[in-house]
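Worksheet: the structure to be examined is printed underneath.
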Amino acid sequence: MWTDEQLEKYNEQGFLFQPGLLSQQQIDDLQASAADLMNEKDNPEEVHIVREKGGPVRTVFCMH
10 MWTDEQLEKY NEQGFLFQPG LLSQQQIDDL QASAADLMNE KDNPEEVHIV
60 REKGGPVRTV FCMH
């Protein structure tokens, strides 16, 4: 259940950052799965990656 503050942040930012929600192993597994999906794509140039100004990935389109 979210607190009122968390719900407010979600409504303002469109996401909720929750440190510790996933273990490092879960994060590693998700990153490996995403890389596998990218590597299996017939036309990787169709993948569109949106990055924040500082460089971190914000969104990935057409990776499946």
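Per the working numbering: the sequence shown = residues 10 to 73. For each residue, glycine too, the CB sits at the ideal point set by N, CA and C.
| When you compare only the Cα positions, how much space is there between A5 and T12? | Residue 5 lies beyond the residue range present for the chain, which begins at 10 and ends at 73; the question has no answer from this structure.
| request: Have a look at Q15 and L46 and give me their C-alpha separation to the nearest angstrom. | output: 32 Å
| Roughly how many angstroms lie between the CA atoms of P28 and I36, to the nearest whole one? | Each residue's alpha carbon lies about 12 Å from the other.
| Inter-residue Cα distance where the pair is R60 and S32 | 24 Å
| field | First through last residue of the alpha helix (DSSP H) which encompasses Q27 | value | Segment: none, Q27 is in no alpha helix (DSSP H) and carries neither H nor E.
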